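Below is one structure, written out as structure tokens; the observations come after it.
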Amino acid sequence: MLLAPRPSRLLSILLLLFVALLGVAGEWLIERQKAAELRIDVQNRLGQARERLAGTLYPQIQLARGLVSVFHLDPDLDQKQFEIATRPLLDGGGSYLRNIAAAPDLVIRYVAPLAGNERAIGRAYRDLPNQFASVERARLNRQMVVAGPVKLVQGGLGLIVRVPIYLPDANSRGDHFWGIVSAVIDSDRLLAAAGLPDGDPTVEIAIRGRNGLGKRGEVFLGRPGIFDQSPAVTTLELPGGEWQLAAIPRGGWPAVAPGAWPLRGAMVGVILALLWLFWAQTRLVRASALADERQRSAARQMASMLEAAPDATLLVNGQGTIVHANLEACRMFRTAQGALSGIAMTTLIPGLDADWQGEAQRLEGVARASDGSSFPFELSLAPVQTVGGTFMGCAVRDVTARHQADEELRMHRQRLEQLVEARTRELSLAKEAAEAANVAKGHFLANVSHEIRTPLNAVVGLLHLIRRAGVPPAQAARMDAVEAASAHLLRIINALLDLAKIDAGKQELDSVPIDLAALLEEVREIMAGRAELKGLQLRAWPPEAQPALRGDATLIRQCLLNYVSNAIKFTDQGQVDIRVSQVAAEPRALTLRFEVEDSGIGLDAATQARLFQPFEQADGSSTRLHGGTGLGLALTRRMALLMGGDAGVRSAGPGHGSVFWFTARLGIDQNPADRAAAQPSHGPATPIPNRFAGLQVLLADDEPVNRLIAQTLLEEAGLQVTTATDGEAAIAAARATQFSVILMDLQMPRVDGIAATAAIRQLPGYADTPILALTANAFPQDRQRCLAAGMNDFLAKPFGPKELVAMMERWVRPERQQHPAK
1 MLLAPRPSRL LSILLLLFVA LLGVAGEWLI ERQKAAELRI DVQNRLGQAR ERLAGTLYPQ
61 IQLARGLVSV FHLDPDLDQK QFEIATRPLL DGGGSYLRNI AAAPDLVIRY VAPLAGNERA
121 IGRAYRDLPN QFASVERARL NRQMVVAGPV KLVQGGLGLI VRVPIYLPDA NSRGDHFWGI
181 VSAVIDSDRL LAAAGLPDGD PTVEIAIRGR NGLGKRGEVF LGRPGIFDQS PAVTTLELPG
241 GEWQLAAIPR GGWPAVAPGA WPLRGAMVGV ILALLWLFWA QTRLVRASAL ADERQRSAAR
301 QMASMLEAAP DATLLVNGQG TIVHANLEAC RMFRTAQGAL SGIAMTTLIP GLDADWQGEA
361 QRLEGVARAS DGSSFPFELS LAPVQTVGGT FMGCAVRDVT ARHQADEELR MHRQRLEQLV
421 EARTRELSLA KEAAEAANVA KGHFLANVSH EIRTPLNAVV GLLHLIRRAG VPPAQAARMD
481 AVEAASAHLL RIINALLDLA KIDAGKQELD SVPIDLAALL EEVREIMAGR AELKGLQLRA
541 WPPEAQPALR GDATLIRQCL LNYVSNAIKF TDQGQVDIRV SQVAAEPRAL TLRFEVEDSG
601 IGLDAATQAR LFQPFEQADG SSTRLHGGTG LGLALTRRMA LLMGGDAGVR SAGPGHGSVF
661 WFTARLGIDQ NPADRAAAQP SHGPATPIPN RFAGLQVLLA DDEPVNRLIA QTLLEEAGLQ
721 VTTATDGEAA IAAARATQFS VILMDLQMPR VDGIAATAAI RQLPGYADTP ILALTANAFP
781 QDRQRCLAAG MNDFLAKPFG PKELVAMMER WVRPERQQHP AK
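So the sequence shown is numbered by the numbering used here: it starts at 1 and just counts up by one.
Here it is as structure tokens:
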């Protein structure tokens, strides 16, 4: 027979059971408190890391954005001006920019710095699939895009800021797409400056969102597995996208033993079962005591959690009244501990409009401390369930430091904009000065060209007339020397003018069918005589079968002639070989490499490095064996660059010969059937046919010797020549007589050739009469002026009988009749 337990034993059992239950509950609450505190701490540290990263990254983005004003001011600046404009951005303190590129029409034309990035020039983004997506997104959205991080060719990782540039359209009120500016940020240095990923030893941080794709993007910093471990998460806004940052405690979140919860459940079950057995006896004795104890315990635990929070934390009831505030909150609002209890939140934060019985919220504003001072705050609200009911937990953070950082960033941005504006003004003044200097240089070269070509034309013409009259062999040899000296002087003048035209951007490329085999053979035939005089073997190696090509045959011929002429000059024995090979192929173009190899004196490394600079020679001493101006190789490189290639030389050293090369990008001819008709003829010019005898010609030139030479050549062919010494006399002669053709100098006293041509075109019967310019002004703009004034053709001095014959053949029609003007 079981004896009923005595009341004192029952009370002891109940007390033990209560203590066991309290221990389980306390352990559970403490674990929750620690987990909450740890998560809040990790979230705070992640927020600090985000602020550091934003404070480091945003100024770099603003540096790239400032480049837009440079192209708004001058969309046609050259590479040198681009490097000057970007140097402060690359070399400035606090800059993590590695290089900057600009791509008008999505083709890279400018790179800074250029050294090490030359291969990027001319690359089209449409041919770079790994970059075209971000470029196209920036262009279509008309806003800046941050791409990457990507692996850089130079090593390391980089972020690429794509800035689309839209320029005002002069023909409408809108704008048009100019191109893309890309700035590469050294992401390794930037992340290290922000203290990522290992700046905080207590947390492990990862970032995902490559190319600004946020949580949809790849993880590019830290372990990808961090995002699968319930991390603290925040985002960093980027132009055109965002990054997602995640953090966990280093070593992971504290784990509960796998068997702890089942064991605890079993213990609770046993306790509850025993409590149920004795519940009837203890209900009246312990009910109120246990309830009070639970409430006090929960209050103590809640107070402990609030005090352990790093931020100012308050517990607010449904009416907005503070129930409890931790010590940090008292410090923030400058009150004694416990003084905040019972105060309405609107007293601390005037005008605060919060739902104290709703869901989690996030607010910002200005709070007021008890001493009357105010400060900006960030408030996070979240419901908290306790034994005493549901309250609203409030975490208040003083964001004064962040606002100061934002203000400093704004001031820095303003200073940067002022710096860019000042630099833009400097560039504008420098551009104007450079343009003025370029105009002055053009005028100087034009005057020098005119003053040298005029007497040189007289020398060439008189030599021809003297030969026509017959000379003894000794005199003929001397005249050969004079003609060679004249031809050499003319080549120097033409080289100077060609170099000036290329520097000024006024050299235009022709696009004509090219027969490479015929072109190489033509160069070989032209230089064969000089090679034979030195006993050298000159060989041309035609290329393998190639598709029909188009390009500027004149420039290619001139480059080859420069190389072959130098090779013959500096080779005393052996041979000179001309070769062509293919180095690159595109659907509509080929890149060819032209080489001239000699067995001559060879070159050392130092000479090779400076040989293609203007006015540089392999031997620049006063005792050099070979003459020359040093322009040929510089001109060859400029022409090769103009054709989309480059030029250079390789040599094993002195005494081992040299290989001079240049490359050119030639188009594939889409209509090769017309090539035969388009091939130029290089046959000798024929004398002026006698069928032009009797035609009347008006010759206007203020230079007596040049006038005499041209008159003699024309009269020997049977033409009737009337001369005029200036434009006014030419107009009077045209009024008196109807001429078949008029040869007109440009620079003449009283009335120049341009004005005289315009006046003659107004006379009856002269609307279609050929008026041909004979001038020492050899620039392209001079030719355009002649054609615009009504002239039909242009012949630059000095010229010989062949050139004059060709001109007459093109324009003089024997059926034109002469008659006195009315």
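Built from N, CA and C at the ideal position, the CB exists for glycine as well. The structure presented is a predicted model; accordingly, all values stated were derived computationally and were not measured.
Label residue i either buried or exposed according to how many other C-beta atoms from any shown protein chain fall within 10 Å of its C-beta, with 16 as the threshold for buried.
i    : result
S658 : buried
M302 : buried
V697 : buried
Q131 : buried
V181 : buried
N171 : exposed
N141 : exposed
P197 : buried
A789 : buried
E716 : exposed
R637 : buried
R173 : exposed
T86  : buried
W28  : exposed
A736 : exposed
V153 : exposed
Taking the alpha-carbon positions, what's the residue i to residue j distance?
i    : j    : result
A422 : G92  : 15 Å
E532 : Y563 : 17 Å
R810 : N671 : 27 Å
R162 : T390 : 50 Å
C330 : S69  : 51 Å
L560 : I165 : 41 Å
S599 : R530 : 16 Å
D78  : V219 : 39 Å
A584 : L592 : 7 Å
A664 : A796 : 28 Å
V323 : A312 : 14 Å
E31  : V316 : 24 Å
W276 : D398 : 51 Å
A298 : I226 : 34 Å
G365 : P376 : 6 Å
K80  : H656 : 37 Å
R126 : V111 : 18 Å
A193 : I248 : 21 Å
Q608 : A652 : 11 Å
A676 : P513 : For A676, the predicted model reports a pLDDT of 46, less than 50, meaning its position is unreliable; a value from the coordinates is still stated below. So the two alpha carbons sit approximately 9 Å from each other.
Pull the bridge partners of residue i from the DSSP assignment, please.
i    : result
W243 : L236
W541 : R579
V855 : Residue 855 is absent from the model: the chain starts at 1 and stops at 822.
A360 : In the DSSP output, where bridge partners are listed per residue, A360 has none listed.
R906 : Residue 906 lies beyond the stretch modelled for the chain, which goes from 1 to 822, so this question has no answer here.
G318 : According to DSSP, G318 bridges with nothing at all.
C394 : L314, L381
E532 : None, per the DSSP bridge assignment.
K151 : L157
T591 : A584, R665
S187 : Bridge partners of S187: none, in fact.
L16  : Per DSSP, none; premise fails for L16.
A647 : F662
R368 : S374
T424 : Paired residue(s): none; T424 is not in a bridge.
Since residue i and residue j are thought to touch, with beta carbons under 8 Å apart, how far apart are those beta carbons, to the nearest angstrom?
i    : j    : result
E595 : R579 : 5 Å
A336 : L46  : Rounded, the Cβ-Cβ distance is 33 Å, inconsistent with contact.
Q361 : A354 : 6 Å
A528 : L538 : 6 Å
L772 : M744 : 7 Å
L348 : F333 : 6 Å
W243 : I207 : 5 Å
G222 : I205 : 6 Å
Q319 : G388 : Wrong, their Cβ atoms sit about 14 Å apart, outside the cutoff.
Kindly say whether residue i, judged by its beta-carbon, lies nearer than 7 Å to any beta-carbon of chain D.
i   : result
N99 : No chain D appears in the structure shown, which is made up of a single protein chain.
Q) Could you give the uninterrupted runs of the beta strand (DSSP E) lying entirely in the stretch 729–803, keeping only those of 3 residues or more? A) 741–744, 771–775, 793–796
**Asked** Which whole runs of the alpha helix (DSSP H) in the stretch 23–101 are 4 residues long or more, in chain order?
**Response** 67–73, 79–91
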